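Chains as they are written, first to last, in my numbering: chain A, 1 to 347; chain B, 1 to 256.
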Amino acid sequence: MVAIQVERLSKTFGETTAVDDLSFRVDDGELFGLLGPNGAGKSTLINMLVTLLRPSSGTATVNGHDIIEETAAVRNSLGIVFQEPALDEELTGEENLTFHAQLYGQHKADREERIDEVFELVGLEAERDDPVGSYSGGMKRRLEIGRGLLHEPSVLFLDEPTVGLDARTRRDTWEYIQRMNDEAGVSIVLTTHYIEEAEQLCDRVAVVDDGEIAAIDTPSALKDSLGGDVVILEVDGPLSSFCSRLDACPWVMEYATSPAQVRITVEHGETRIADLVRLADETGVAIASVDIHKPNLETVFLSLTGATIAERESNTPSDANDSALEGTRSSKTADQRASTTSVEDDE
Amino acid sequence: MNFIDPRSIYALWRRDVTRFVRTPSRIIGSISMPLLFLVFLGFGFSDAAIPGLPADVDYLQYLVPGMVGFTMLFGSSFAGLSILSDQDVGFLKEILVAPVSRTSIVLGRIAGGSTTALVQALLILVLSVPLGFRFDSLLLLPLAAVFLVLIAVTFVGFGVALASQFSDSEGFGLIIQFVIFPLFFLSGALYPVESLPDPVQILAFMNPLTYGVDGLRAVLVGSAAYPLFLDFGALVVSSVLMVAIGTYLFERVEAV
Chain A
1 MVAIQVERLS KTFGETTAVD DLSFRVDDGE LFGLLGPNGA GKSTLINMLV
51 TLLRPSSGTA TVNGHDIIEE TAAVRNSLGI VFQEPALDEE LTGEENLTFH
101 AQLYGQHKAD REERIDEVFE LVGLEAERDD PVGSYSGGMK RRLEIGRGLL
151 HEPSVLFLDE PTVGLDARTR RDTWEYIQRM NDEAGVSIVL TTHYIEEAEQ
201 LCDRVAVVDD GEIAAIDTPS ALKDSLGGDV VILEVDGPLS SFCSRLDACP
251 WVMEYATSPA QVRITVEHGE TRIADLVRLA DETGVAIASV DIHKPNLETV
301 FLSLTGATIA ERESNTPSDA NDSALEGTRS SKTADQRAST TSVEDDE
Chain B
1 MNFIDPRSIY ALWRRDVTRF VRTPSRIIGS ISMPLLFLVF LGFGFSDAAI
51 PGLPADVDYL QYLVPGMVGF TMLFGSSFAG LSILSDQDVG FLKEILVAPV
101 SRTSIVLGRI AGGSTTALVQ ALLILVLSVP LGFRFDSLLL LPLAAVFLVL
151 IAVTFVGFGV ALASQFSDSE GFGLIIQFVI FPLFFLSGAL YPVESLPDPV
201 QILAFMNPLT YGVDGLRAVL VGSAAYPLFL DFGALVVSSV LMVAIGTYLF
251 ERVEAV
């Protein structure tokens, strides 16, 4: 069964094309990720799929229902957790869920049972009668995810589910999302600009940039498409004979040199280090350090779009919600940039 | 997606009432201004000769229906405008993405807003008794309730229509100063409309609150400027019109 089928969907705002002629499908039970920088059009895409925005052209189905013609059926089939919290903080957790259940037409008897289930699922039984205003950021997220599942939708949309959460809460939230997918069997579509989030959580990832999908595949297939690991040797000594030995090695996919450095692309880098060190030793090259760079989705994004996600975002006004994370993210992306440059040089 | 969905309307009403009851500070805040007006104007002008005032009605008697109308105007308009604060905190999206028609959402808001405004107005009415207010006839109180409901529906609808024109609560202060207060001063709540210059009187005649205050005055103190059926008719028209306009404009609100 197909959870979502998107057919040539576009959305323009004046001159700007936010979503540009997208087509893809999400299968039942899949955990599907839309990875891209802020401003790539992910939220616009989600807002169209949940019927809050009308597409400029093209259409899509959610659970077999057309998002333009059958809005009521589409709305009944989906749950959504928005990027910004959408809870009434003056009401208790339970009152928020009751309100939601009533809006989705659930009868009292079903409703009470279902609300109990949801509180158990998200582990907030003890706090159900507390006003949501007293919840922590992570608890609010869990309540929202639970609320999104309350009316038993077939697809759950999560728009940047862990933005604004600290590292620990983020990992906990990932665990919840994974569990919802496994236990409730609900298809999940999430948007993210966090590499690890897409890599760790998603069955398949669509790399989105500038309103277009640059690639769709499993995280491992996307990484494999880069060709292999990059082993970086800091070296000293004449490289010519070392290089001719590399040319002769069938397992060296490609390499690049600079005066004090050799960057070699190989499969399973960790199994080739001994060989590389031996080759260097035999050809009189001294090795100062060895470094292996596994391909990640950041390097995938880079090779597909020519820039890192962080570079893309520095060109767009950053999301207000991100300010709390800005410090940790920029230091992390600095490392990633260092690791990705070497790959870029190899191409 | 039924056009009118009672369960959703109930949910929206329930939410408004829960929030209202849970914050006593909000209730006190909402009635303190009309109460202060009532006390200071009522006593301050008790001996003043207000031109156009019916001879057999003292100023406090004249003022109480006006202040009840004022409470309804503020309470109801704010209830309609609270769509904007829902938008600020993101909760509006939760409502708009649900399989509920916009009409039901507006009706739910009107139900909730009318209820809370009504409670505030009744509090003012009760508190005016120790200040010296005397009901003309307790038998007519149900009729007063009818007028209060019509005023509430009119101005919640009005608030929803206004809220639809703004994308956040930034414009709130402007709306209060340039829309709500003029409606109050042009309603005959404090002084007879006839005391106003002619061109301004025309504005007062277009103001639904004028008929609301006059109708309340008729049933509460037994003195009115216009026939009761005119007050009633004008309010019925204004409430239908405001609900229609509010719903029409709210239908067009972009959710994101």
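Ideal Cβ placement from N, Cα and C applies to all residues, glycine included. All values derive from a computational prediction rather than experimental measurement.
- Remark: C-beta atoms of B:A161 and B:I245 approach each other more closely than 8 Å.
- Listed along chain B, no residue sits closer than 8 Å to A:N38 by beta-carbon distance, the nearest being about 15 Å off.
- Here A:S77 is buried: its Cβ has 16 or more other Cβ atoms, across all protein chains shown, within 10 Å.
- B:S30 is classed as buried because its beta carbon has at least 16 other beta carbons within 10 Å across all chains shown.
- Looking at the backbone, the Cα of A:L34 and that of A:L52 are separated by about 18 Å.
- Using beta-carbon distances, A:E94 does not count as an interface residue toward chain B, since no partner is under 8 Å.
- Rounded to the nearest whole angstrom, the CA to CA distance from B:V243 to B:D5 is 16 Å.
- The beta carbon of B:V100 falls within 8 Å of a beta carbon belonging to chain A, placing the residue at that interface.
- CA-to-CA, the gap between A:S187 and B:V236 works out to about 50 Å.
- Restricted to the region 28-72 of chain A, the alpha helix (DSSP H) segments that are unbroken, complete and at least 4 residues in length are 42-49, listed in chain order.
- At a cut-off of 3 residues, the continuous stretches assigned as beta strand (DSSP E) that sit fully inside the region 131-201 of chain A are 155-159 and 187-192.
- A check of alpha carbon separations from B:F20 across B:P34, B:G112 and B:Y62 identifies B:G112 as the nearest.
- Sixteen is the threshold: since fewer than 16 other Cβ atoms of the shown chains lie within 10 Å of the Cβ of B:L138, the residue is exposed.
- Counting the other Cβ atoms within 10 Å of the Cβ of A:D88 gives 16 or more, which makes it buried.
- At a cut-off of 4 residues, the continuous stretches assigned as alpha helix (DSSP H) that sit fully inside the region 141-218 of chain B are 141-163, 172-175, 181-185 and 198-205.
- Assignment of B:Q87 by DSSP, reduced to helix, strand and coil, places it in the helix class.
- For the region 5-22 of chain B, the set of positions with a beta-carbon nearer than 9 Å to some beta-carbon of chain A reads D5, R7, S8, Y10, A11, L12, R14, R15, T18, R19 and R22 in chain order.
- When CB distances to chain A are screened at a threshold of 8 Å, not a single residue of the region 157-175 of chain B falls below it.
- Between the region 142-157 of chain B and the region 62-76 of chain B there are three or more C-beta pairs closer than 8 Å, enough to call the two in contact.
- Within the model, the alpha-carbon separation for B:R14 versus A:T92 is close to 13 Å.
- In the structure shown, A:K11 falls within a strand segment according to DSSP collapsed to helix, strand and coil.
- When DSSP assignments are scanned along the region 210-274 of chain A, the uninterrupted stretches of beta strand (DSSP E) that are 3 or more residues long and fall wholly within it turn out to be 212-217, 229-236, 252-258 and 261-266.
- Looking at the backbone, the Cα of B:S187 and that of B:L35 are separated by about 18 Å.
- Rounded to the nearest whole angstrom, the C-alpha separation of B:P24 and A:E175 is 40 Å.
- One thing to note: A:D159 has its Cβ no nearer than 8 Å to the Cβ of A:S10.
- Listed along the chain, the chain A residues whose CB falls inside 8 Å of the CB of B:F91 are A86, L87 and D88.
- Annotated as proximal: A:F24 and A:A206, with beta-carbon spacing under 8 Å.
- In its chain, beyond the 5 residues on either side, D28 have a beta carbon closer than 6 Å to the beta carbon of A:M1.
- B:G29 carries a helical assignment under DSSP once its states are collapsed to helix, strand and coil.
- What A:L91 touches in chain B, judged by beta-carbon distance under 8 Å, is R15, T18 and R19, going in chain order.
- Secondary structure at B:G44: helix, using DSSP grouped into helix, strand and coil.
- Non-local C-beta neighbours of A:A73 in its own chain, meaning closer than 7 Å and more than five positions away in sequence, comprise H65, ordered along the chain.
- Boundaries of the beta strand (DSSP E) harbouring A:G79: L78 to V81, taken from the DSSP string.
- Bounds of any alpha helix (DSSP H) do not take in A:H293; it lies within the beta strand (DSSP E) bounded by A286 to H293.
- For B:L92, the three-state secondary structure derived from DSSP is helix.
- Residue B:L92 holds the alpha-carbon nearest to the alpha-carbon of B:E254 among B:L92, B:P65 and B:F70.
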